[in-house]
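Here's the structure we're looking at; comments come further down.
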Amino acid sequence: MKKKYKYIILPPENFHTTMSDLIIDNVIMIYRIIDILNNFTNCKSEYLIKYRSYEQLAMYPSKNNVEVGYGELLDYCQKDSIVIGYPGSEMIECLKNNVRFFSFNDFEKKSKNPNINTLLTKAIYIAKNEEELLDNILNNKIFKPGYSVKDLLYSDGMSLCEMVSYILNNQKSIK
3 MKKKYKYIIL PPENFHTTMS DLIIDNVIMI YRIIDILNNF TNCKSEYLIK YRSYEQLAMY
63 PSKNNVEVGY GELLDYCQKD SIVIGYPGSE MIECLKNNVR FFSFNDFEKK SKNPNINTLL
123 TKAIYIAKNE EELLDNILNN KIFKPGYSVK DLLYSDGMSL CEMVSYILNN QKSIK
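For the sequence shown, my numbering assigns the number 3 to the initial residue and increments by one for each residue that follows.
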């Protein structure tokens with residue numbers, strides 16, 4: 003059985019999406035989050051930094067309370083855990099399972115990137131600095147008014163198998 007943690011920090015997975023989005027900024031943000039937790043909780047052993055890969059650990063290094071592995075996040079969560087990380091699949095996994103997830107990412111730096119899902123910025127509070135993150139945690143600000151986890155999921159989508167079957171069954175023969 004894995005040890006459970008009150009606070010779990012997830013480092014970024016996107017490493018350099020724009021010229022102004024520097025890796026060092028993300029490294030600094032991780033250390034600021036650790037400082038916030040140390041000052042906020044007065045209990046340095048209650049947090050875990052959870053990495054998906056050793057490459058991610060090398061990019062955002064830490065020696066304290068570290069675990070590396072893919073697909074095991076909920077195994078480290080307890081009923082009242084707080085997960086802090088970039089918006090992504092882990093956020094959806096946590097929110098679907100009633101684990102509080104607080105997002106951080108400076109989307110203003112990425113506002114010109116067409117790959118950014120603007121639904122995220124409309125539906126959830128995403129802290130761009132440590133002050134906003136602390137405010138979101140203290141005031142339990144996860145979803146903006148009128149939004150919930152249902153807004154982040156596609157309930158009427160098709161599986162890959164269904165899409166391929168549809169395409170293959172609806173092709174017109176060429177004569």
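We put the CB at the ideal spot given by N, CA and C, even for glycine.
Treat the numbers as computed from the prediction; the structure is a model and nothing was measured.
- The count of Cβ pairs closer than 8 Å, one atom from the region 152-167 and one from the region 129-138, stays below three, leaving the stretches out of contact.
- Residue pairing of Tyr168 in beta bridges, as defined by DSSP: absent, with no partner found.
- Ser83 sits in a strand when the DSSP states are folded into three classes.
- For Tyr56, the uninterrupted alpha helix (DSSP H) segment begins and ends at Tyr56 to Met61.
- In the assembly as shown, Gly87 is a buried residue. Its beta-carbon has 16 or more other beta-carbons within 10 Å.
- Secondary structure note for Glu134: its alpha helix (DSSP H) is the uninterrupted segment Glu132 to Leu140.
- For Ser105, the secondary structure class from DSSP, reduced to helix, strand or coil, is strand.
- The C-beta separation of Ile11 from Ile32 comes to about 7 Å, placing the pair in contact by the 8 Å criterion.
- For Lys52, the beta-bridge partners assigned by DSSP are Glu69.
- Residues of the same chain with a CB within less than 8 Å of the CB of Glu15, apart from the 5 flanking positions on each side, are Arg54, Gln58, Tyr88 and Gly90 in chain order.
- Counting along the chain, the unbroken beta strand (DSSP E) around Leu12 starts and ends at Tyr7 to Leu12.
- In this structure Leu76 does not touch Lys52 by the C-beta definition: roughly 11 Å separates them, more than the 8 Å allowed.
- Checking the DSSP bridge columns, you'll see Phe145 partnered with Ile126.
- Shown here, Tyr88 sits in coil according to DSSP, grouped into three states, outside any helix or strand.
- Of the residues assessed, Val101 falls on the buried side of the cut-off, its CB having 16 or more other CB atoms within 10 angstroms.
- Assignment of Glu95 by DSSP, reduced to helix, strand and coil, places it in the helix class.
- Excluding five sequence positions before and after Asp153, the CB atoms of its chain that fall closer than 6 Å to its own CB belong to Ala125, given in chain order.
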